[in-house]
Structure formats: C-alpha cells, structure tokens
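J.:
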Amino acid sequence: MSTKSQEKQLITLKSWDEEEFVVEESVAVKSETIKNIIEDCGLELIPLPNVDGKTLAKVIEYCTKHSTGSNDDSEDLKKFDDEFLDSKEIPVLIDIVLAANYLNIESLVEKICTKIADRIKDMSVEEVREAFKIENDFTPEEEKKIRNEHAWAFE
Amino acid sequence: MESLPDAIVQYILSHMSNAKDVASCTSVSTRWKDSMPYLRSLYFPRNIFDNLKGVETPDRIVRQIISQIFQLEELVVYCPFSGAGLCSWLSIAGPSLRNLELRMDNLVDQHSCNDSPSKLDCISAAGNLESLKLWGVLMTKSPKWDSFKKLRNLEIVGARLEDPALSDALRACPNLTHLLLLGCEGLRSVSIELLQLEQCKLDFYGVGNCSLSLTSPKLEYLEVQGCSWIRVHETQCLRNLSIANNSGRVYMVDFGKLVALESLSVRGVQWCWDAISKILQMASEVKNLYMKVEFTGDFEALLPFPEVDFVEFFNSHPKLQKLDIHGAMFAALCQKNSLKNVDSRFVIPSLEEVVITVRSPLNAEQKMSTLESMIKYGRNLKKMGIKILQMKSSHSSADDFFEDVCRFRYMNRKVVSIE
C-alpha cells in the first residue's frame, strides 16, 4: 500500500472532545477497528466519536508499549501491564474497557475484564454497586429471597 | 456499568468461577443476576460450606447453582459431596461438561461403597469430558464407564486401585493423550494400551515391585516410579524418559529403540546391573542425563557399581550436553583403560554442563582424576558444579579430599563451583 516504507507512517486520532493524538501507524493498528478504517479508507485523521481524550490517551499508552516488537510474554511487558491496571480505579478501568471494546483491542479487553473480576472478588455487594454505579433494582422481597438462597455466601 | 454492553458484563463475570463470588454477585442487580446463566466454569473450594446452617446441604446448593447455568463447561468440586448429589448435578450439566475435577475423598470415607450410587459410576453422565481429574479415589471395582471418546487428559492423584479396575477404566478412555497416576497403591501388574498417549506419568506406592507394560506408539514423555519390571516397545517418539524406584529394585527394563531420546533420568536405591547398563547403552542419542542410583546387584544384597570406563562412557554418548551424576555412579567412572593409552583424538564434544554430587571421600584420587579429565577433554564445558553432601568429617581423608576439590576449583575457576 504505502510506498514510503522507510518513513514511519503517522496517524492522527481525534477523540469526541476534540483532543488529537499523533501516533505511528504500527501503534494505531493494534486496534482492529482503526486498522480496518485505514485499510478501507486510507485516512490519516481518524475521528473516534465514542472515546474521550483522557481515555484515549491511556489506550494509546497501552498500545505504544505493546508495539515495541518484543514478545508479549516478556517480564517488562507483564510488569507494565500490572502497573497499568493496578493503578487505576474501577470507574477508570470501565472507561478503558469500553474504549478498548469499541476499538477492538482484544488483549486489552481481556486483561481489564480479568482484573475487574479479580477486584470484585474481594468486594461486598454494596461496594460493587458503588464502584460500578449500579442501582439496586431488586424489590425488597426479591433481595431477601436471593440472600436467603445464598446465605452461605454472605458470611 | 449500566453503559457496559451485556457481552462485557458476561465476560467479566465469566472470569469468576469461585461459587462464593458467583453467589454474591447474583444479588448485585437484576442485570448481574441475569448474566449468571452465561458462566462457563464453577469452582467449589474445600471449605466453602463449612458454615452451613439449617437444612441446606452442599449437594442441594451445588445443584441449585448448576441448574441456573446454560452451558457449564468446567466444574471443580473440592468440598464434600455424595454420590447422589453428583448424579443430580451431572444429570443437568453432564452433556456440556468438558472439564471435571473432583475431590472424591473415598479413601477415608467408610460408608461410600454400598448404598448410594458410586461417585465413580456417576461420572459416566458427563460423556463429552475432555479432562478428568480425581483426588483421593478408591477404585477397587471397575467403574461402570461407557466410553469417554473425547477424554484427552486423565489425572488420578492419591488412589487405591486394583489392576483389573484400572484396566477397565483406561479401556473406557481410548483417546487419552495425557495420563497421570500419582500416589497410587494396590497395583501389581499394570498393562496399558493407549494408542494416542503422548505423556504418561506414573507413580506407584508400595514396595516398588510393580510391573508395567505400556503400548503407546506416540509416547513422547514417560516418567515411572515404583516399578521393578518395565516393558515399553514402541518408543520411536520417546524424547524424555525418567525411571525411578524409591523402595524396590529395578530388575528389568525392556524398551524399543530409543532413537529420539533426548533426556534420560535413572534413579533409585538399587538397579540390577543388566537393567542399568542396557538402558544407558540404548540411550546413545541423549543430550541430558541424570543418574542417581545408589547400588546395583541382582538380589537382596546391595552391591557397589562395577567400574565404568570413562572414555567408553563418553564415546557411547557423544551428544551429551548436560550430565548430573551422583555418589556411587560417579565413583564408578574411572579410567579403567588408562587415558595414557587412549587415542589422542578423544574428546567429549558436546558436554556443556556437569553437576556432580559426592558423599564419600573414598577413592579420592580416582575421583579427582575423573574431574580433571572432564575438564581436559570436555572442550565445550562451561559449567561444573560439585556438591558435597553429608561427608563425615571425622575422617581426615574427608578433609584431604575437600582440600583437593578446593584446589581443583581454584585452578579451574571459570568453570567449577562448589556447593
């Protein structure tokens, strides 16, 4: 496709809140969605109406680190992944997983889901609701029934 | 989380398999509760039901959770359960299950045998299993298994078995590729014919006089402990072989050609000379060799090894890269046909790493000479580790030997290290 194989192709990504990020094509195509857009339309400026600037910055951080060419199993990468995920609260992780899902970055979606599941394990029902901003939509009778059924789980 | 698509919610929840987490998640919201049926894997730890109150039983609770799942693929149960319970679970989840792991606890359970359906028999209901792991199994009667055509992996850990029961069980798993029998007692004569088997690890408790006959032409990895008589004829794919016997004598090993063998480990208290010399001879292509047999001898008497000529040994294993050799066997290596008379072209071409464990200062001169020869003729030797164990230092010869070793290390600092 590109005849300028020596130069690194640069792509601009634009979030819905007008923030622009210039990245190398090799980083951008970590996202299957972006890869398809480039292949189909050859755009150099890609608008991403479903992602805000702050979240896009973090996604780009992940993709950049994971396109250095080194093995996905390397110690460095694992360490980066752990720090990247551990340092973020659940609401932030949720924003990132939504973006990664829209951008179709499978490895990132998988890692975040695993991390969120890990965090939930140690949380009480109320804590989970708060972290995910979920409303308790059970009726009092329904909730009582469920708690009774699984009384052994609520020690 | 309201904005998260259902698929992501389910994906997150599918990473939870501990039943306790699953149960508490069902009460977060209706959407979470409605995602439960999409779980694929459930795990019930040992003590999950330790605090049960009232009329609830583990059997019933597990059943209730399983009944809410559409397609359970993996079930791991470490908590106590009954045969009737297992039957009821598998009547729901049996057909979709791919992995099943159960702590049977049959070895301690007194009243397991008679009334309720046997736990082993119940497993038949999971006809599409690909992996089955059982802990603490009593298999003295043949389990009533039809055929687990998709079963690839079978692991039984901690079991009391009988020869015919094991035979029948294995006959029901014709397509096994991985077999693990660990800590199994009660077996005397084991005959295994599994044409797809690639990896096999067997560990038999007892007096170490089990006999094993194995026919698996695709076998690549074999580890056996506790047998005195071993026959494996189809060995064209075998790359890794480990034979050990901690309590008995290895009397006979009858193997096909070991053309592909890269690693060999021989261990035990006593091997008949015939057995050990034969297997070493056949393993001419090995790259890694681990030798820790303490005595030889065909009968009760524990005898030291006859001398093994250093040059002959290395000439018959020209591809040897890593050698780990202990005590008695190391002591037997010597320059029977003195190296002064040996072809000046003698080399140990591939040897890179040697670990030697010594326990006794006897024949110190011969041992030092062997060490020196290894360095002299091992032109690719990068590392030599010398472990000195349990040497009784009351003898002055021990101190002398140790001094010799230290001097040797000093003179070959780049290569030699002592532990």
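Chain order of the listed sequences is W and Y.
First residue of the first sequence: 43, per the numbering used here; consecutive thereafter.
First residue of the second sequence: 41, per the numbering used here; consecutive thereafter.
The C-beta atom is built at its ideal place from N, Cα and C for all residues, glycine as well.
Is the Cβ of Lys-130(W) closer than 9 Å to any Cβ of chain Y?
T.: It does not; no Cβ of chain Y falls within 9 Å.
J.: Please classify Lys-423(Y) as buried or exposed, where buried requires at least 16 neighbouring CB atoms within 10 angstroms.
T.: Looking at its Cβ environment, which holds fewer than 16 other Cβ atoms inside 10 Å, Lys-423(Y) is exposed.
J.: Across the segment 67 to 86 of chain W and the segment 138 to 158 of chain W, are there enough close Cβ pairs to call them in contact, namely three or more that are closer than 8 Å?
T.: Touching, yes.
J.: Using a beta-carbon distance below 9 Å, is Lys-163(W) in contact with chain Y?
T.: For Lys-163(W), the answer is yes, since a Cβ of chain Y falls inside 9 Å of its Cβ.
J.: Could you please give the first and the last residue of the uninterrupted beta strand (DSSP E) stretch that includes Lys-423(Y)?
T.: It spans 423 to 428 - the beta strand (DSSP E) in which Lys-423(Y) sits, taken as one unbroken run.
J.: Could you tell me whether any non-hydrogen atom of the ligand HEM is closer than 8 Å to the CB of Ala-99(W)?
T.: The ligand HEM is not among the ligands present in this structure, which contains no ligands whatsoever.
J.: Determine the direct distance from the alpha carbon of Cys-119(Y) to that of Cys-76(Y), and round the result to whole angstroms.
T.: The question names Cys, but residue 76(Y) is Met in the sequence shown. Straight-line Cα distance between these residues: approximately 21 Å.
J.: Can you tell me the Cα-Cα spacing of Glu-238(Y) and Trp-58(W), whole angstroms?
T.: So the two alpha carbons sit approximately 55 Å from each other.
J.: Between the segment 268 to 282 of chain Y and the segment 246 to 255 of chain Y, do at least 3 Cβ pairs fall closer than 8 Å?
T.: A contact exists between the segment 268 to 282 of chain Y and the segment 246 to 255 of chain Y.
J.: Closest by CA to Ser-164(Y), which one among Leu-126(Y), Met-144(Y), Pro-98(Y) and Leu-304(Y)?
T.: The shortest Cα separation from Ser-164(Y) among Leu-126(Y), Met-144(Y), Pro-98(Y) and Leu-304(Y) belongs to Leu-126(Y).
J.: With 16 other CB atoms within 10 Å as the buried threshold, where does Lys-46(W) fall?
T.: With a pLDDT of 49 at Lys-46(W), under the threshold of 50, the modelled position of this residue cannot be trusted; read the value that follows with caution. The residue in question, Lys-46(W), is exposed, as its Cβ has fewer than 16 Cβ neighbours within 10 Å.
J.: Mind the definition here: the segment 127 to 134 of chain W touches the segment 80 to 95 of chain W only if three or more C-beta pairs lie below 8 Å; say whether that holds.
T.: As far as the Cβ criterion goes, the segment 127 to 134 of chain W does not touch the segment 80 to 95 of chain W, which means the pair count is below three.
J.: How about His-55(Y): is its C-beta nearer than 9 Å to some C-beta of chain W?
T.: His-55(Y) counts as touching chain W.
J.: Could you list which residues in chain Y have their beta carbon closer than 8 Å to that of Asp-170(W), in chain order?
T.: As written in the sequence, residue 170(W) is Val, which differs from the Asp given in the question. Under the 8 Å cutoff, chain Y gives Cys-65 and Val-68.
J.: Measure how close the beta-carbons of Glu-195(Y) and Leu-220(Y) come, nearest whole angstrom, since I'm counting them as under 8 Å.
T.: Glu-195(Y) to Leu-220(Y), Cβ: 4 Å. Contact.
J.: Check whether the Cβ of Arg-71(Y) lies closer than 9 Å to any Cβ atom in chain W.
T.: Cβ-Cβ to chain W under 9 Å: yes for Arg-71(Y).
J.: Rounded to a whole number of angstroms, what is the C-alpha to C-alpha distance between Val-293(Y) and Leu-115(Y)?
T.: So the alpha carbons of these two residues sit roughly 40 Å apart.
J.: Glu-191(W) CB to nearest chain Y CB: under 9 Å?
T.: Yes, contact with chain Y.
J.: Roughly how many angstroms separate the alpha carbons of Arg-449(Y) and Ala-372(Y), rounded to a whole number?
T.: C-alpha separation (whole angstroms): 22 Å.
J.: Suppose the cutoff is 6 Å on Cβ atoms and the five residues either side in sequence are ignored; what does the same chain contact list for Asn-328(Y) look like?
T.: Excluding residues within five positions, the ones whose Cβ falls inside 6 Å are Ser-303 and Lys-362.
J.: Spell out a yes or no on whether the segment 127 to 134 of chain Y and the segment 62 to 80 of chain Y are touching, meaning 3 or more CB-CB pairs, one atom from each, closer than 8 Å.
T.: Result no; under three Cβ-Cβ pairs closer than 8 Å.
J.: Going by alpha carbons, who is nearest to Ile-426(Y) out of Arg-447(Y), Ser-436(Y), Arg-419(Y) and Ser-437(Y)?
T.: Among Arg-447(Y), Ser-436(Y), Arg-419(Y) and Ser-437(Y), the Cα nearest to that of Ile-426(Y) is on Arg-447(Y).
J.: Less than 9 Å between the beta carbons of Ala-205(Y) and Phe-188(Y), yes or no?
T.: No. Outside cutoff.
J.: Taking only beta-carbon atoms, is Pro-257(Y) less than 9 Å away from chain W?
T.: Chain W, which has no Cβ nearer than 9 Å to the Cβ of Pro-257(Y), makes this no.
J.: In this structure, how does DSSP classify Pro-91(W) when only helix, strand and coil are distinguished?
T.: Of the three classes helix, strand and coil, the one that applies to Pro-91(W) here is coil, per DSSP.
J.: Could you name the residues that DSSP lists as bridge partners for Val-290(Y)?
T.: Its beta-bridge partners are Trp-311(Y).
J.: Could you check the C-alpha separation between Lys-186(W) and Glu-66(W) for me, to the nearest Å?
T.: Between Lys-186(W) and Glu-66(W), the C-alpha separation is close to 55 Å.
J.: Can you give the beta carbon distance from Lys-190(Y) to Glu-141(Y), rounded, assuming they're within the 8 Å contact cut?
T.: Not quite, the Cβ-Cβ distance comes to about 16 Å (not below 8 Å), so this is no contact.
J.: In the DSSP assignment, find the alpha helix (DSSP H) that holds Ser-437(Y) and state where it starts and stops.
T.: That run of the alpha helix (DSSP H) goes 436 to 451.
J.: With a CB to CB cut of under 6 Å and the five nearest residues on each side skipped, what residues in its chain are close to Leu-320(Y)?
T.: The answer is none, since no qualifying residue turns up.
J.: Grab the span of the alpha helix (DSSP H) containing Cys-162(Y) for me, first residue to last.
T.: Start and end: 159 to 162.
J.: Along the chain, where does the beta strand (DSSP E) that runs through Met-414(Y) open and close?
T.: Where Met-414(Y) is concerned, there is no enclosing beta strand (DSSP E), although the alpha helix (DSSP H) it sits in stretches over 404 to 417.
J.: Who does Gln-239(Y) pair with in a DSSP beta bridge?
T.: Partner(s): His-218(Y) and Tyr-261(Y).
J.: Identify, in the order they occur along the chain, each residue of the same chain with its Cβ nearer than 7 Å to the Cβ of Val-326(Y), setting aside the five sequence neighbours on each side.
T.: The answer, listed in chain order, is Leu-301, Glu-302, Ser-303, Leu-304, His-357, Lys-359 and Leu-360.
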